[in-house]
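Residue numbers (the numbering used here): 15 to 178.
Heads up, the thing below is written out as structure tokens.
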């Protein structure tokens with residue numbers, strides 16, 4: 015073996031490790047861009063989160079109010095603008111064994127993720143693709159990474175998503 019051979023292997027392993035680390039960190043960096051929006055997959059706590067403020071702004075006096083219940087606090091989680099409300103659709107995974115996420119709207123495409131039964135997913139749009147138990151509609155999901163999920167196993171929460 016030449017002297018270069020072990021060095022090339024070390025370099026190749028280092029590059030592969032860096033690619034694997036960036037692949038694992040990518041979905042975390044592509045999180046929901048709406049500031050202050052709660053993650054629906056996480057259970058809601060009884061305390062209200064602190065509002066995000068500008069650290070350089072003048073402090074304001076906080077009004078004295080009674081604590082709100084979850085039912086009263088829920089409308090605050092609604093989208094703030096008309097543009098956001100048109101683009102946000104939600105659904106719940108109904109597949110008992112979970113939903114497989116794919117890179118194309120077909121069953122033969124590459125698997126790129128998985129969502130558990132009952133998980134809340136964010137839907138960008140819908141399209142037609144390969145049939146899954148008689149249903150050929152697929153939803154483009156935006157939960158950290160763009161992936162396709164069969165509409166057969168996603169129950170809409172609110173309005174049906176728009177067409178892609």
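For glycine and all other residues, C-beta sits at the position ideal for the given N, C-alpha and C.
Among 118, 122, 123 and 139, which one has its Cα closest to the Cα of residue 173?
The count along the chain shown starts at 1 and reaches residue 173 at position 159. Of the residues 118, 122, 123 and 139, the one whose Cα lies closest to the Cα of residue 173 is 139.
If residue 159 sits next to residue 127, beta carbons under 8 Å apart, how far is it from one beta carbon to the other, in whole angstroms?
Numbered from 1 along the chain shown, position 145 holds the residue referred to as residue 159. Numbered from 1 along the chain shown, position 113 holds the residue referred to as residue 127. With a contact defined as Cβ atoms closer than 8 Å, residue 159 and residue 127 qualify at about 7 Å.
Taking only the alpha-carbon atoms, compute the straight-line gap between residue 134 and residue 27 and give it to the nearest angstrom.
By one-based count along the chain shown, residue 134 stands at place 120. By one-based count along the chain shown, residue 27 stands at place 13. The C-alpha of residue 27 is placed about 37 Å away from the C-alpha of residue 134.
Which listed residue (112, 107, 106 and 120) has its alpha carbon closest to that of residue 148
Along the chain shown, one-based indexing puts residue 148 at 134. It is 120 whose Cα lies nearest to the Cα of residue 148.
Spatial distance of residue 118 from residue 124 (CA atoms):
What you label residue 118 is simply residue 104 of the chain shown in a count that begins at 1. What you label residue 124 is simply residue 110 of the chain shown in a count that begins at 1. The straight-line gap from Cα to Cα measures roughly 7 Å.
Does the Cβ-Cβ distance between residue 107 and residue 153 come in under 8 Å?
Along the chain shown, read from residue 1 onward, the residue named residue 107 stands at position 93. Along the chain shown, read from residue 1 onward, the residue named residue 153 stands at position 139. No, they are not a contact pair.
For residue 171, is the classification buried or exposed, using 16 other Cβ atoms within 10 angstroms of its Cβ as the cut-off for buried?
Taking the chain shown and counting its residues from 1, the one referred to as residue 171 is at position 157. It is exposed - the Cβ of residue 171 has fewer than 16 other Cβ atoms within 10 Å.
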